[in-house]
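Written below as structure tokens is the structure these notes are about.
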């Protein structure tokens, strides 16, 4: 196989794994089944990925790159803190909804029984998201004269766990309860109480 073909085969393997995670919800994915899905031998899989854990890491890398590249654009294009937070959460929920197989990784259920490093990677993804939300909320006082109605760390945790919970519900329902269902109404409630004007000295 040429050097040009190797990246395409790696991408094909990861796409097949994501599809199996979507179609075989609740089932443990074996390398033998994945090889059949791709149409190659198990030995061929291991020429591209030394282990199944590395395949999952490849998908986690894709999730991180996709989400945080878009978050960077949101920070560049959206000026106010409330809209920034809402747009980031909508991005996360929409990404999970459009990629059910990847939502299983984000929800963590498919990583049960896999190496602890994979679960830690997903945990770090959500911790990074929460830190980004906290930074946005803290900067709101300097940028807009607004501050969170509760401490920024608590507010950021509330927002990130809302997204995590909706993604987990999506996976738990076998992708029937969409993570964006009712989200606009719920965000209206959350955002109305997220920030308040900084008290001016008398």
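In UniProt numbering, the protein residues as written are 1 to 202.
No residue lacks a Cβ here, since even glycine has one placed at the ideal position from N, Cα and C.
Remember, it's a predicted structure, so these values are computed and weren't measured experimentally.
In this structure, the straight-line span from the alpha carbon of residue 123 to that of residue 174 is close to 22 Å. Burial check for residue 176: the Cβ neighbour count within 10 Å stays below 16, so the residue is exposed. Exclusion of the five residues before and after residue 152 leaves 134, 137 and 138 as the residues of its chain whose Cβ lies within less than 6 Å of its Cβ.
Less than 7 Å divides the Cβ of residue 118 from the Cβ of residue 56. Where residue 146 is concerned, the enclosing beta strand (DSSP E) starts and stops at 146–148. Separation of residue 17 and residue 163 (C-alpha to C-alpha, rounded to the nearest whole angstrom) is 24 Å.
Contact check for residue 9 against residue 48 passes: the beta carbons are separated by less than 7 Å. Annotated as distal: residue 38 and residue 104, with beta-carbon spacing of 7 Å or more. Assigned with DSSP and collapsed to three states, residue 194 falls in coil, not helix or strand. C-alpha of residue 88 to C-alpha of residue 109: approximately 23 Å in a straight line. The beta carbon of residue 63 is closer than 6 Å to those of 102 in its chain, skipping five residues each way along the sequence. In the three-state reduction of the DSSP assignment, residue 29 falls in the coil class. Cβ contact annotation for residue 149 (same chain, cutoff 6 Å, sequence separation greater than five): 193 and 196, in chain order. Contact check for residue 130 and residue 160: beta-carbon distance about 4 Å, within the 8 Å limit, so the pair qualifies. The C-beta distance from residue 107 to residue 168 rounds to 5 Å, short enough to fall under 8 Å. Excluding sequence positions up to five before and after residue 99, its CB lies less than 6 Å from no other CB in the same chain. Under a 10 Å Cβ-count criterion, residue 79 is classified as exposed, with fewer than 16 other Cβ atoms of the shown protein chains found around its own Cβ.
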